[in-house]
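Q: With my numbering applied, the sequence shown corresponds to residues 48 to 695, in that order.
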Amino acid sequence: MSRRLSLILTGLMLALVVGVGVYRSLDTASVERLAAFPETRFPGEAAADWPTYGGQPGGTQYSSLDQINLSTIAALAPAWTFHTGDLSDGSDGGDMTNYQVTPILAEGRLLLCTPYNNIIALDPATGRQLWRYDFGKAKTETMYGYHNCRGVAHWASSRAEDKGKACAARVLMGTDNGFLVAVDAASGKPCADFGAGGRIDLNALDYKGEGNISMTSPPAIYRDVVIVGGTVIDNKYEDSLDGIVRGFDVRTGRELWSWNPIPAALTDKVGGANAWAPLAIDAEAGLVFLPTGSPSYDTFGVNRIDAIPDGNAVVALDAATGEKRWSFQTVHHDLWDYDLPSMPTLVTLHREGKAVPAVIQATKTGFVFTLDRRTGRPIHPVEERPVPASDVPGEKASPTQPVPVRPRPFTSQAIAPEDGADGLCRKRIAAYRNEGIFTPPSVRGAILHPSFLGGSNWGGIAYDQRSGVAVVNSSNLVSRVSLMPRAEFDEAKHKTAGVSTYEMRGSPYVMLREALFSSIGTPCNPPPWGALTAIDMNSGTIVWQRPFGKVEFGPGVKSLESWGAPNQGGPIITAGGLIFIGASLDSRLRAFDLATGKEVWSASTPAPATATPMTYMAGGRQFVVVAAGGHGAFGTQLSDAIVAFALP
48 MSRRLSLILT GLMLALVVGV GVYRSLDTAS VERLAAFPET RFPGEAAADW
98 PTYGGQPGGT QYSSLDQINL STIAALAPAW TFHTGDLSDG SDGGDMTNYQ
148 VTPILAEGRL LLCTPYNNII ALDPATGRQL WRYDFGKAKT ETMYGYHNCR
198 GVAHWASSRA EDKGKACAAR VLMGTDNGFL VAVDAASGKP CADFGAGGRI
248 DLNALDYKGE GNISMTSPPA IYRDVVIVGG TVIDNKYEDS LDGIVRGFDV
298 RTGRELWSWN PIPAALTDKV GGANAWAPLA IDAEAGLVFL PTGSPSYDTF
348 GVNRIDAIPD GNAVVALDAA TGEKRWSFQT VHHDLWDYDL PSMPTLVTLH
398 REGKAVPAVI QATKTGFVFT LDRRTGRPIH PVEERPVPAS DVPGEKASPT
448 QPVPVRPRPF TSQAIAPEDG ADGLCRKRIA AYRNEGIFTP PSVRGAILHP
498 SFLGGSNWGG IAYDQRSGVA VVNSSNLVSR VSLMPRAEFD EAKHKTAGVS
548 TYEMRGSPYV MLREALFSSI GTPCNPPPWG ALTAIDMNSG TIVWQRPFGK
598 VEFGPGVKSL ESWGAPNQGG PIITAGGLIF IGASLDSRLR AFDLATGKEV
648 WSASTPAPAT ATPMTYMAGG RQFVVVAAGG HGAFGTQLSD AIVAFALP
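1. When you compare each of Pro456, Val148, Asn572, Arg533 to Trp591 by their alpha carbons, which one comes out closest?
2. Only counting the same chain, and skipping five residues up and downstream in sequence, which positions put a Cβ closer than 7 Å to that of Arg372?
3. Find out if the Cβ-Cβ distance for the pair Val273, Leu219 is shorter than 7 Å.
4. Considering Cα atoms alone, identify which of Pro695, Ala680, Phe692 is closest to Gln147.
5. Helix, strand or coil for Asp296, going by three-state DSSP, please let me know.
6. For the region 612 to 623 against the region 106 to 115, are there 3 or more C-beta pairs whose distance is under 8 Å?
7. Quick one: give me the first and last residue of the alpha helix (DSSP H) that Cys472 is part of.
8. Is the beta carbon of Ile626 closer than 7 Å to that of Val450?
9. Which of the three DSSP states is assigned to Val349 in this structure?
10. What separation, rounded to the nearest whole angstrom, lies between the Cα atoms of His130 and Leu685?
11. State whether the region 501 to 515 contacts the region 480 to 493, with contact taken as three or more CB pairs (one from each stretch) at a distance under 8 Å.
12. Could you give the distance in angstroms between the alpha-carbon of Gly134 and the alpha-carbon of Ile167?
13. Any idea if Gln176 is buried or exposed, counting beta-carbon neighbours within 10 angstroms, 16 or more meaning buried?
14. Since Gln460 contacts His496 with CB under 8 Å, what's their CB separation in whole angstroms?
15. Could you give the DSSP three-state label for Glu92: helix, strand or coil?
16. From the DSSP output, which residues share a beta bridge with Phe416?
17. By DSSP, does Gly242 sit in helix, in strand, or in coil?
18. Roughly how many whole angstroms lie between the Cα atoms of Ala658 and Gly101?
19. Throw me the rounded Cβ distance for the Pro391 and Val403 pair, which I believe falls under 8 Å.
20. Hey, which unbroken runs of the beta strand (DSSP E) at 3 residues or more fall wholly within the region 115 to 164?
21. Take every Cβ of the region 288 to 307, pair it with every Cβ of the region 251 to 258, and state whether three or more of those distances are shorter than 8 Å.
22. Quick check on DSSP: helix, strand or coil for Phe499?
23. Do Gly276 and Ala213 have their C-beta atoms within less than 7 Å of each other?
24. Figure out for me which residue from Ser374, Cys571, Leu152 has the closest Cα to the Cα of Trp610.
25. Just the C-alpha distance for His541 and Ala674, rounded to the nearest angstrom, thanks.
26. Express the C-alpha separation of Ser522 and Leu22 in angstroms, rounding to a whole number.
27. Which residues in the same chain have their Cβ closer than 6 Å to the Cβ of Arg351, if we skip the five residues on either side of it in sequence?
28. Excluding the five sequence neighbours on either side, which residues of its own chain have a C-beta within less than 8 Å of the C-beta of Gly105, listed in chain order?
29. State yes or no: is the C-beta of Asn145 nearer than 6 Å to some heavy atom of the ligand MN?
30. With Lys540 as the anchor, note down where its beta strand (DSSP E) starts and where it stops.
31. What residues are listed by DSSP as bridge partners for Met664?
32. Please report the Cβ distance between His397 and Asn585, rounded to the nearest whole angstrom; I am assuming they are in contact, meaning their Cβ atoms lie under 8 Å.
33. Rounded to a whole number of angstroms, what is the C-alpha to C-alpha distance between Glu331 and Ile247?
34. If you check the beta carbons only, do Ala612 and Ser634 fall under 7 Å apart?
35. Quick check on Ala215 - is its C-beta less than 7 Å from some C-beta in chain C?
36. Give the DSSP bridge partners of Val429, in chain order.
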């Protein structure tokens with residue numbers, strides 16, 4: 048394998064970070080060409096638009112457009128390309144750029160952010176720039192060493208007296224240096240009545256703990272409330288910032304409410320449990336759904352033996368007041384960095400002849416949790432199953448973990464030494480603790496499979512309400528995590544290529560984490576290293592699963608389709624019976640038949656489209672748009688391109 052591929056896969060692990068793949072078509076009959084159930088339309092959703100991240104406030108990543116379909120897909124071709132101008136590979140002295148944005152379409156404008164947190168409005172039919180807002184962020188002003196912004200939100204006043212006024216409609220954005228910004232949707236000018244000159248410095252608020260707050264996900268909007276979570280530095284400080292979620296008046300920026308996932312008795316000892324992924328809104332029920340992460344530290348919990356039930360949980364809050372309605376924990380006392388990485392998906396399931404409002408949560412572990420969104424109770428059964436104990440002094444791993452009975456996991460969760468790609472892999476796997484998923488981190492080192500990347504990551508799932516089928520893309524890499532006594536840690540010796548180190552101040556240990564590779568640079572676990580899976584959520588059964596993604600293996604080494612590849616980004620589904628997805632590292636946008644999983648179309652992009660696409664109608668044509676900017680931390684080709692495809 049080429050050094051390039053090894054660097055890409057190593058970069059993938061750092062960013063968040065010999066077998067044959069099997070194409071499984073388990074039950075194509077359950078995916079009907081014609082609607083089996085009526086579509087669920089959320090308030091304010093227009094079929095021609097993509098008005099919010101995830102396509103609608105419930106995050107289904109679905110469009111009812113069908114101009115592009117199985118009969119017309121062969122003619123799909125590039126329509127226009129727009130270059131933002133915001134791009135860096137680090138050679139200019141600044142931090143690198145990742146481009147993972149999903150634009151939205153609202154009031155006739157295609158709205159997007161750039162890695163530097165500038166906001167741009169485009170003509171959706173031509174890609175012509177309508178306006179640009181420059182945030183003014185320094186090129187070195189990032190939390191993790193690379194610039195990123197995944198999306199913006201749109202709000203419009205319902206008051207008749209606001210019609211025609213500046214900022215009657217607003218574009219809102221969170222920045223990766225901790226600001227919440229509001230600009231006029233018509234002009235891009237800052238809304239002067241919001242916060243201080245159109246922005247709020249969240250780091251000036253009391254988050255209780257050490258470090259800074261950062262945002263890469265778009266805000267959520269409920270009526271006149273803008274709601275934000277955020278990212279914290281959770282492997283550096285024992286008491287990192289608490290993962291506080293806040294609601295602000297969208298007109299003035301006044302804080303209306305805050306909710307802290309850390310129990311009051313622990314706020315001076317523990318931080319994190321933050322919701323860094325996008326939030327979902329059920330406007331009819333008045334609820335906001337949060338996917339929370341692990342408390343600090345990610346892989347060492349002696350400082351947090353007390354229960355933190357709202358960490359690693361799907362949490363439902365009253366969107367107007369921040370009052371908690373319910374919480375369901377997906378990992379107890381997380382020691383693996385198995386935070387919830389993606390937007391909860393709000394759907395209607397059909398059970399025993401009844402329509403049931405549900406929330407679906409894909410996870411890094413490969414489990415899918417299906418909950419009644421009124422109560423948080425599981426719709427498909429979840430069992431508490433025994434898991435291994437920790438051998439770290441003072442650590443008390445949870446004796447059980449919640450495991451859904453259905454659907455079955457969509458990714459591998461265990462690897463035996465004999466499954467290793469070669470002798471080096473078999474030796475390394477045998478050297479570490481390895482008792483399946485939820486093997487706790489150890490001074491000896493422990494196998495982490497799935498890795499902390501997943502499974503699923505921030506791309507989440509797409510859901511077809513007509514058939515009840517959800518589609519999720521996933522990565523499959525084995526890794527190891529070790530807790531090294533601080534006195535033994537030598538940065539020059541142990542922080543080598545491919546090994547991430549985390550200082551975990553205040554603990555007795557330094558954490559080391561890496562993907563495991565063979566002697567020729569391939570992952571130690573068998574392929575496929577990436578997959579695309581379709582799940583019937585009404586029955587909880589997998590419909591089909593296929594390898595997904597490709598990587599560049601270098602001269603003389605062909606990347607086989609059956610191998611798949613690690614990927615980032617997410618899928619969308621359209622009423623044309625198609626799945627669109629970039630995500631792969633080989634610079635292509637692909638379309639698959641929803642019914643069978645067969646690839647039916649692909650096109651090259653200027654760089655890997657490590658973003659989630661979107662689709663809309665403009666000028667009588669259906670467009671599919673994706674950001675194709677690559678990922679600086681992966682070592683891929685970089686670009687600043689927004690690419691649109693349409694029929695002639």
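Just so you know, even glycine gets a beta-carbon here, dropped at the ideal spot from N, CA and C.
A: The short version:
1. Considering only Pro456, Val148, Asn572, Arg533, the residue with the shortest C-alpha distance to Trp591 is Pro456.
2. Cβ neighbours of Arg372 beyond the five flanking positions: Leu334, Ala363, Leu364, Asp365.
3. Contact flag set, yes.
4. Selection Pro695, Ala680, Phe692 evaluated against Gln147 yields Ala680 as nearest (Cα-Cα).
5. Here DSSP, grouped into helix, strand and coil, assigns Asp296 to strand.
6. Touching, per the Cβ criterion.
7. Segment 470 to 478, the alpha helix (DSSP H) holding Cys472.
8. Cβ atoms of Val450 and Ile626: not closer than 7 Å.
9. Three-state result, Val349: helix.
10. Approximately 12 Å between the Cα atoms of the pair.
11. Contact between the region 501 to 515 and the region 480 to 493 is absent, because fewer than three Cβ pairs lie under 8 Å.
12. Just to set this straight, residue 134 is Leu in the shown sequence, not Gly. Roughly 15 Å between the two C-alpha positions.
13. An exposed status is given to Gln176, since fewer than 16 other beta-carbon atoms sit within 10 Å of its beta-carbon.
14. Between the beta-carbon of Gln460 and that of His496 there is about 6 Å, and that keeps the pair under the 8 Å contact cut.
15. Residue confidence for Glu92 is low, a pLDDT of 46 falling below 50, so the modelled location carries little weight; the figure read from the coordinates is stated next. DSSP places Glu92 outside both helix and strand once states are collapsed to three, so it counts as coil.
16. Under DSSP, Phe416 takes part in a beta bridge, and its partners are Gln408.
17. When secondary structure is reduced to three states using DSSP, Gly242 falls in the strand class.
18. Distance from the CA atom of Ala658 to the CA atom of Gly101, rounded to whole angstroms, is 12 Å.
19. Not confirmed; about 15 Å, so no contact.
20. The qualifying runs are 124 to 130, 151 to 153, 156 to 160.
21. Yes, they touch.
22. Coil at Phe499, not helix or strand.
23. Contact flag unset, no.
24. Selected option, being the one with the closest Cα: Cys571.
25. Whole-angstrom Cα-Cα distance: 36 Å.
26. The structure shown does not extend to residue 22, since the chain is modelled only from 48 through 695, so no value can be given for it.
27. Closer than 6 Å at Cβ, skipping near neighbours: Val317, Pro342.
28. Excluding residues within five positions, the ones whose Cβ falls inside 8 Å are Thr87, Phe89, Ala327, Ile328, Asp329, Thr392, Leu393, Val394.
29. With respect to the ligand MN, the structure offers nothing, as it holds no ligand at all.
30. Secondary structure note for Lys540: it is in no beta strand (DSSP E), and the uninterrupted alpha helix (DSSP H) holding it is 538 to 541.
31. Beta-bridge pairing links Met664 to Gln669.
32. Yes, they are in contact, since the Cβ atoms of His397 and Asn585 sit about 5 Å apart, within 8 Å.
33. For Glu331 and Ile247, the distance between alpha carbons rounds to 28 Å.
34. No, the Cβ-Cβ distance between Ala612 and Ser634 is not below 7 Å.
35. Reference to chain C is not applicable here, since this structure consists of a single protein chain.
36. In the DSSP assignment, the residues bridged to Val429 are Pro451.
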